Amino acid sequence: MILNEPILKNSGNNSNLLEKNNIDVALWMRFLQELKLSKMFAEIPDPRQQSKVTYPLSSLIHWALAACAFRQGSKNAMQTTLDGLSLQKKAGIVQLLGSHEKCPCSSTVDSVLAQIEYENFNQILLKLFDRLHEKKFFYNHVELLPDNIFHIGADGFWTHHYTTPHTADEEGHNTCPYCLPRKHNVGTPNESVTWVHVCVTFMLICEGITLPLYICPLKAKQVNTNQSDDGLKQECEATATKAVLPMLRERYPKLEFTFLGDSLYANKPFIKLCNEIKFDYVIVLKETTLKLLNQKCNELAKTEFYQQHYTYEEAKLAEDTIELTHRKAEWFNHAAAGDNVYTNVLRFEETIQNQNDNSTSYRGAWICSKKIFQHNCFKSAKTGRSRWNQEDFHNTAKNRGFSIQHDMARADPNLLMVWKLMVFIAFFAFELFRYSTVAIAARQTRSLMKFAQDMLEQLVNIAWETIQGSIILQKCRVQFRFNFSPGP
Ligand SMILES: [Zn+2]
1 MILNEPILKN SGNNSNLLEK NNIDVALWMR FLQELKLSKM FAEIPDPRQQ SKVTYPLSSL
61 IHWALAACAF RQGSKNAMQT TLDGLSLQKK AGIVQLLGSH EKCPCSSTVD SVLAQIEYEN
121 FNQILLKLFD RLHEKKFFYN HVELLPDNIF HIGADGFWTH HYTTPHTADE EGHNTCPYCL
181 PRKHNVGTPN ESVTWVHVCV TFMLICEGIT LPLYICPLKA KQVNTNQSDD GLKQECEATA
241 TKAVLPMLRE RYPKLEFTFL GDSLYANKPF IKLCNEIKFD YVIVLKETTL KLLNQKCNEL
301 AKTEFYQQHY TYEEAKLAED TIELTHRKAE WFNHAAAGDN VYTNVLRFEE TIQNQNDNST
361 SYRGAWICSK KIFQHNCFKS AKTGRSRWNQ EDFHNTAKNR GFSIQHDMAR ADPNLLMVWK
421 LMVFIAFFAF ELFRYSTVAI AARQTRSLMK FAQDMLEQLV NIAWETIQGS IILQKCRVQF
481 RFNFSPGP
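Anchor point for the sequence shown: position 218 equals 218 in my numbering, and the numbering is continuous, going up by one each time.
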């Protein structure tokens with residue numbers, strides 16, 4: 001059955017909540033059912049003594065998910081919303097959590113989450129990805145994955161910065177394994193130490209949507225912390241990638257993956273790794289990296305033969321504007337990088353000229369696992385440039401109500417990581433939800449943060465019977481449709 005009913009026009013006006021319509025939060029609840037998140041949560045091994053259990057494990061995890069997905073910013077903000085509510089007013093929350101008539105408090109949630117190894121929540125991200133496959137999501141949305149290739153980006157994400165240890169032993173020594181020390185003013189009387197948490201995020205970068213697939217927090221013992229911030233970030237990314245890409249390949253032996261990386265990955269060992277695990281790649285190439293390769297390409301570029309046969313340029317006038325785009329590519333296939341490693345190099349230039357004769361230019365170069373030809377040179381450049389979507393994701397995780405930098409737990413590093421993973425799970429689910437046609441219609445012009453926060457308000461302010469009456473919760477089968485075309 002396809003859901004095609006008109007959606008509530010203005011969720012702020014409760015008097016218009018006709019039974020026939022859908023209340024926003026009902027859409028979200030139905031969407032979570034569709035993702036089968038409760039089942040995934042219930043499959044996590046329960047660390048508790050079952051005779052003493054009050055709440056199902058999945059309901060406690062749902063509590064954490066709700067705090068993140070409804071963008072409460074902190075556990076306390078979520079708890080404050082729930083404090084003092086009558087049983088009747090808690091009915092919606094109880095339904096959302098599946099918590100057997102009662103609503104757990106944040107300390108109960110924490111005490112249980114603390115006992116679950118955070119890696120279990122990485123597995124939830126992967127299971128969400130599996131669920132999309134099971135529902136033939138990518139098959140039905142070819143616009144997201146041209147050529148059916150999954151583009152994976154990796155980027156270091158500095159989530160926390162501490163000036164004092166957030167957890168310490170009796171002597172005041174930092175005992176958090178994820179705290180990477182940063183020394184300042186070394187050798188001077190002002191020498192001091194601060195600490196950072198670095199997660200490397202592995203994202204699925206599609207046309208129109210970016211989803212987290214796996215999060216790798218680095219431990220201090222895994223990396224050399226006696227180096228510059230840039231050096232540390234690079235080492236974190238390299239270390240995480242060496243572990244995570246082979247894991248993805250093993251888990252998904254048949255999927256076609258292309259790794260999108262910045263220039264730190266433009267090195268021979270990494271090219272060898274990609275070849276070994278059958279990952280394609282498009283990696284930023286700077287003049288200063290892979291010098292031999294760059295030198296070779298510079299020499300070839302000067303020859304008439306290359307200029308004639310291995311370059312392509314075109315100028316296009318946009319249909320709806322009077323912008324003129326001029327693009328030029330040159331490429332060098334099977335170029336030697338040394339040590340018997342060969343790769344393909346693409347160099348690309350673009351100039352966009354507007355009606356006032358102002359122009360913006362872009363220049364980029366990449367090493368690509370696939371050979372470059374006239375027909376795919378611009379497409380490969382577009383793929384290489386798409387990794388910037390990941391940066392936007394990091395901004396969202398920090399700023400738009402997800403507040404990943406907030407200390408959800410101080411004394412327990414594993415719990416802190418569990419909460420961080422929960423932000424990524426909430427992001428994954430909400431990001432998909434927001435592109436569903438029902439959510440687009442319901443949200444209207446509200447920001448995503450307001451849309452999410454309004455849903456929690458609905459849950460506590462609108463009688464559960466009314467929410468339950470939403471047509472989307474009444475149907476036994478619902479097929480969500482999506483629209484990924486960029487909105488206004
Ligand atoms: Zn720490």
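Just so it is clear, CB atoms sit at the ideal spot from N, CA and C, and this is done for glycine as well.
Small disclaimer: the values here were computed from a predicted structure and weren't measured.
Quiz item: Whose C-alpha, out of L85, F31, L113 and K296, is nearest the C-alpha of W63?
Solution: Between W63 and the set L85, F31, L113 and K296, the nearest pair of CA atoms involves L113.
Quiz item: Considering only the beta carbon of each residue, do I44 and I116 sit closer than 8 Å?
Solution: Yes, Cβ-Cβ distance for I44 and I116 is below 8 Å.
Quiz item: What three-state label does DSSP hand D454 in the structure shown?
Solution: D454 falls in the helix class under three-state DSSP.
Practice problem: Determine the extent of the alpha helix (DSSP H) in which A426 is found, giving its start and end residues. | Solution: Boundaries of the alpha helix (DSSP H) harbouring A426: P413 to R434, taken from the DSSP string.
Practice problem: State yes or no: is the C-beta of W366 within less than 8 Å of the C-beta of V282? | Solution: Contact: yes.
Quiz item: Exposed or buried, what is I205 when buried is set at 16 or more other beta-carbons lying within 10 Å of its beta-carbon?
Solution: With 16 or more other Cβ atoms inside 10 Å of its own Cβ, I205 counts as buried.
Quiz item: On the premise that I404 lies in contact with K382, defined as a C-beta separation below 8 Å, what is that separation, rounded to the nearest angstrom?
Solution: K382 to I404, Cβ: 29 Å. No contact.
Quiz item: If you draw a straight line from the C-alpha of P6 to the C-alpha of G469, how long is it?
Solution: Caution is warranted here: a pLDDT of 38 is assigned to P6, below 50, making its placement in the model unreliable, and the coordinate value is therefore given only provisionally. Approximately 15 Å, taken between the alpha carbons.
Self-check item: Same chain, Cβ closer than 8 Å to G98, neighbours up to 5 away in sequence not counted
Solution: Correct list, in chain order: S38, P56, S58, S59 and H62.
Exercise. Whole angstroms is fine: what's the gap from K242's alpha carbon to L273's?
Key: Roughly 8 Å between the two C-alpha positions.
Practice problem: On the DSSP bridge assignment, give the partners of R493 in chain order. | Solution: Missing from the structure shown is residue 493; the chain here goes from 1 to 488 and no further.
Quiz item: Residue range of the beta strand (DSSP E) that T343 falls in?
Solution: Boundaries of the beta strand (DSSP E) around T343: V341 to Q353.
Self-check item: Nearest-angstrom Cα separation, counted from A409 out to L126
Solution: Approximately 24 Å between the Cα atoms of the pair.
Quiz item: If T159 sits next to H197, beta carbons under 8 Å apart, how far is it from one beta carbon to the other, in whole angstroms?
Solution: T159 to H197, Cβ: 5 Å. Contact.
Quiz item: Would L305 be called buried (16 or more neighbouring beta carbons within 10 Å of its own) or exposed?
Solution: Before going on, a small fix: residue 305 reads as Phe here, not Leu. So F305 ends up on the exposed side.
Quiz item: So which of L473, V423, C368 and K36 has the shortest CA-CA distance to A67?
Solution: Of the candidates L473, V423, C368 and K36, the one whose C-alpha sits nearest the C-alpha of A67 is V423.
Self-check item: Per-residue DSSP class, three states only, for Y178
Solution: DSSP places Y178 in the coil class of the three-state scheme, outside both helix and strand.
Quiz item: What residues in its chain sit with their C-beta under 6 Å from that of P246, if we drop five residues either side in the sequence?
Solution: Here the set comprises I277.
Practice problem: Report the rounded CA-to-CA distance for N14 versus G92, giving the unit in angstroms. | Solution: Residue confidence for N14 is low, a pLDDT of 42 falling below 50, so the modelled location carries little weight and cannot support an answer.
Quiz item: In the region 259-285, which residue ranges form an unbroken alpha helix (DSSP H) of at least 4 residues, counting only runs that do not cross its ends?
Solution: Runs of the alpha helix (DSSP H) inside the region 259-285: 268-276.
Practice problem: Return yes when at least one heavy atom of ligand 1 lies under 7 Å from the C-beta of P413, else no. | Solution: Checking the Cβ of P413 against ligand 1 gives yes.
Quiz prompt | Pair within 8 Å by beta-carbon distance, L448 and T81 | solution = In this structure, T81 does not lie closer than 8 Å to L448 by Cβ.
Self-check item: Cβ neighbour criterion (16 or more within 10 Å) applied to L65
Solution: Buried, since its Cβ has 16 or more Cβ neighbours within 10 Å.
Self-check item: Y178 beta carbon near ligand 1 (any heavy atom closer than 7 Å)
Solution: Yes, the beta carbon of Y178 sits closer than 7 Å to at least one heavy atom of ligand 1.
Self-check item: Nearest-angstrom Cα separation, counted from P189 out to D412
Solution: Between the alpha carbons of D412 and P189 lies a distance of about 32 Å.
Quiz item: With burial defined as no fewer than 16 other Cβ atoms inside 10 Å of the residue's Cβ, what is the status of V142: buried or exposed?
Solution: Flag for V142 reads exposed.
Practice problem: Take the Cβ of A266 as the centre, count every other Cβ of all protein chains shown within 10 Å, and call the residue buried at 16 or more, exposed below. | Solution: With a threshold of 16 other beta carbon atoms within 10 Å, A266 meets it and is buried.
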